[in-house]
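Student: There's a structure below that I have some questions on.
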Amino acid sequence: MSVNSPAGVAGVPPEAEVAERSYIDWAAIIAGIVFASAISLVLISFGSALGLNFIDFNAREGAAPVLIGIAAASWFLWVQISSFMAGGYLTGRMRRRNHDATEDESDMRDGAHGLLVWGGAMIVGAMLAVSGLGTAGAIVGSAAATATTAASNVAEGAGDMADPNAYFIDTLFRSERPSDPGVARDEAGRIFAQAALNDGEVPQEDRDYLVSVVTANSGLTPEEAQARVDQVIANVETARQEAVEAARVARNTTILAAFLFTASSLVAAIGAYWAAQKGGNHRDKHTHFPSVFRRF
Numbered sequence: 002m003s004v005n006s007p008a009g010v011a012g013v014p015p016e017a018e019v020a021e022r023s024y025i026d027w028a029a030i031i032a033g034i035v036f037a038s039a040i041s042l043v044l045i046s047f048g049s050a051l052g053l054n055f056i057d058f059n060a061r062e063g064a065a066p067v068l069i070g071i072a073a074a075s076w077f078l079w080v081q082i083s084s085f086m087a088g089g090y091l092t093g094r095m096r097r098r099n100h101d102a103t104e105d106e107s108d109m110r111d112g113a114h115g116l117l118v119w120g121g122a123m124i125v126g127a128m129l130a131v132s133g134l135g136t137a138g139a140i141v142g143s144a145a146a147t148a149t150t151a152a153s154n155v156a157e158g159a160g161d162m163a164d165p166n167a168y169f170i171d172t173l174f175r176s177e178r179p180s181d182p183g184v185a186r187d188e189a190g191r192i193f194a195q196a197a198l199n200d201g202e203v204p205q206e207d208r209d210y211l212v213s214v215v216t217a218n219s220g221l222t223p224e225e226a227q228a229r230v231d232q233v234i235a236n237v238e239t240a241r242q243e244a245v246e247a248a249r250v251a252r253n254t255t256i257l258a259a260f261l262f263t264a265s266s267l268v269a270a271i272g273a274y275w276a277a278q279k280g281g282n283h284r285d286k287h288t289h290f291p292s293v294f295r296r297f
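Structure follows, in C-alpha cells:
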C-alpha cells in the first residue's frame, strides 16, 4: 500500500473495512431497547403501586375517577416518551460512527437507530401484552369481567334460555294452581331472561302470572305478592342497567386507551429519533457531564 494513500491516514479506516461494516449497529440498538424497556417497566410498576392505572379508577376512596384517569394517562405518557428518549440517547451515544458520512448523514443514521430502538421496544411491549402482562390486556380483561358478572346476575337462573322457544312453551302451560317450587323458579328465570332481551320490559301478562305463582307458592296475599314481584323486577332492571353501563365504560375506556397509546407512541418515536441524534452529537463532540457523572 502506498504511504501517500488516503487509507493510511490515521483515524480513517481502510475502504475495505468501511465496506464490510454495516451502517446499522445492532449492539447499540439492543442496548437501547433493554435500557428503554427496563425504565418503562420500573416506572409503570411504580405508578401502578400508587394507583395510576386504567384497571380500577375507584381504587382510592374519595378520589374522582376522572382525575385518577387523567393522572394515569399523564403518567403513562411521560413514562413512555421519557423511556424511549433515554434508550434512543444511549444508542446514539454508543453507536460506532462510519466516517464516510457527512454530519447531516451521520445525524440521520443516529436518528434511524433511535427509531429502531423504538420499534424494538414496541415489539417487546407487544409480546408482554400478549403474554397477559400488558396494560391493554388488563384493561380489556377487567372490563369484560365486569360486564360478564353484571350480565350473569341479570340472567341468573335462566340457563334454559339456550332453547329460544322455552319461554313461549311456558306460556302454553301456565296454570293458577300451585306448582313445584323448582319448576316455578325456572319459569320465572326464563321470564326475566326474556325481558332482558326486550330492554328489561316485562309484559303485563307476565307480571300477572308471576303474582299468581308467588301467591300460590308462598302464601302471601295478592297485594304482598304484587309488591314483591314489582320489587324483583325493579332489582333486575337495575342490574341490567349496571351491566349496560359497565359495557359502555369498558368500551369508552378501551377506545381512550387505544388513542392514548397510539398518540404517545408516535410522540415517543419522534423523541427517540431526536434523542438518538443528540446522543450522536455528544459522542462526536466528546461531551461529558462532570456535574452528574463524577469519578470517585
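Residues are numbered in our numbering as their position in the sequence shown, beginning at 1, plus a constant of 1. Just so you know, even glycine gets a beta-carbon here, dropped at the ideal spot from N, CA and C. Quick caveat, the model's predicted, so the values are computed rather than measured.
Reducing DSSP to helix, strand and coil, say where I256 ends up.
Tutor: Of the three classes helix, strand and coil, the one that applies to I256 here is helix, per DSSP.
Student: Please go through the same chain and pick out, in chain order, the residues whose beta-carbon is closer than 6 angstroms to the beta-carbon of A277, but skip the five residues on each side of it.
Tutor: Result list for A277: G89, T92, G93, D111, G112, H114, G115, in chain order.
Student: Per DSSP, what kind of secondary structure is G281 in: helix, strand or coil?
Tutor: In this structure, G281 counts as helix in the three-state DSSP scheme.
Student: Which residue's Cα is closest to the Cα of A32: S83, R96, W76, A130?
Tutor: Of the candidates S83, R96, W76, A130, the one whose C-alpha sits nearest the C-alpha of A32 is R96.
Student: Excluding sequence positions up to five away, which residues of its chain have a Cβ less than 6 angstroms from the Cβ of E238?
Tutor: Taken in chain order, the residues that qualify are G201.
Student: Grab me the residues of A20's own chain with a C-beta within less than 7 angstroms of its C-beta, minus the 5 sequence neighbours each way, in chain order.
Tutor: At A20, the pLDDT of 49 sits below 50, so the modelled position is not reliable; the number obtained from the coordinates is stated separately. Excluding positions up to five away in sequence, the list is empty.
Student: S265: which of D187, Q195, Q81 sits nearest, CA to CA?
Tutor: Nearest of D187, Q195, Q81 to S265, Cα basis: Q81.
Student: Please say whether Y24 and W119 have beta carbons closer to each other than 9 angstroms?
Tutor: Cβ atoms of W119 and Y24: not closer than 9 angstroms.
Student: Taking 8 angstroms as the cut-off, does the stretch 209–228 touch the stretch 244–258 (at least 3 CB pairs, one atom from each stretch)?
Tutor: The stretch 244–258 vs the stretch 209–228: no contact.
Student: Can you give me the Cβ contacts of S84 inside the same chain, cut-off strictly under 6 angstroms, excluding the 5 residues immediately before and after it?
Tutor: Once the five neighbours on either side are set aside, the close Cβ partners of S84 are A37, I40, S41.
Student: Out of N218, I234, S219, which one is the CA nearest neighbour of S194?
Tutor: First, the residue type needs correcting, since residue 194 is Ala and not Ser in the sequence shown. The option with the nearest alpha carbon to A194 is I234.
Student: Let's test the definition: count the other Cβ atoms within 10 Å of the Cβ of E188 and tell me whether it reaches 16, buried, or not, exposed.
Tutor: Classification of E188: buried, given that the 10 Å Cβ count is 16 or more.
Student: Hey, is A189's beta-carbon within less than 9 angstroms of any beta-carbon in chain C?
Tutor: Of the chains in the structure shown, none is chain C; there is only one protein chain.
Student: Quick one: using the 10 Å Cβ neighbour count with 16 as the cut-off for buried, is A122 buried or exposed?
Tutor: So A122 ends up on the buried side.
Student: Can you find the residues in the same chain that come closer than 6 angstroms, C-beta to C-beta, to D26, ignoring five residues on each side of it along the sequence?
Tutor: Counting only Cβ-Cβ distances below 6 angstroms, and skipping sequence neighbours, we find R96, R97.
Student: If you draw a straight line from the C-alpha of L68 to the C-alpha of L51, how long is it?
Tutor: Spanning the two alpha carbons is a distance of roughly 14 angstroms.
Student: Taking all protein chains shown into account, decide if K279 is buried (16 or more other Cβ within 10 angstroms of its Cβ) or exposed.
Tutor: K279 should be labelled buried.
Student: Out of A259, T288, L267, which has the shortest C-alpha to C-alpha gap to M86?
Tutor: Nearest option by C-alpha distance: L267.
Student: Evaluate G126 with the Cβ neighbour count: other Cβ atoms within 10 Å of its Cβ, from every protein chain shown; 16 or more gives buried, anything less gives exposed.
Tutor: Buried is the call here.
Student: Taking all protein chains shown into account, decide if G272 is buried (16 or more other Cβ within 10 angstroms of its Cβ) or exposed.
Tutor: Classification for G272: buried.
Student: Output the boundary residues of the alpha helix (DSSP H) element that contains N218.
Tutor: Here the alpha helix (DSSP H) through N218 covers 205–219.
Student: Out of S75, V203, L129, state which residue places its alpha-carbon closest to the alpha-carbon of N236.
Tutor: Closest option to N236, Cα to Cα, is V203.
Student: Please list, in chain order, all residues of the same chain as I30 whose beta carbon is under 7 angstroms from its beta carbon, the five residues on each side excluded.
Tutor: Here the set comprises T92, H114, L117, V118, G121.
Student: Starting from the C-beta of L211, find all residues in its chain whose C-beta is less than 7 angstroms away, skip the five residues before and the five after it, and write them out in chain order.
Tutor: Contacts found: A189, I192, V230.
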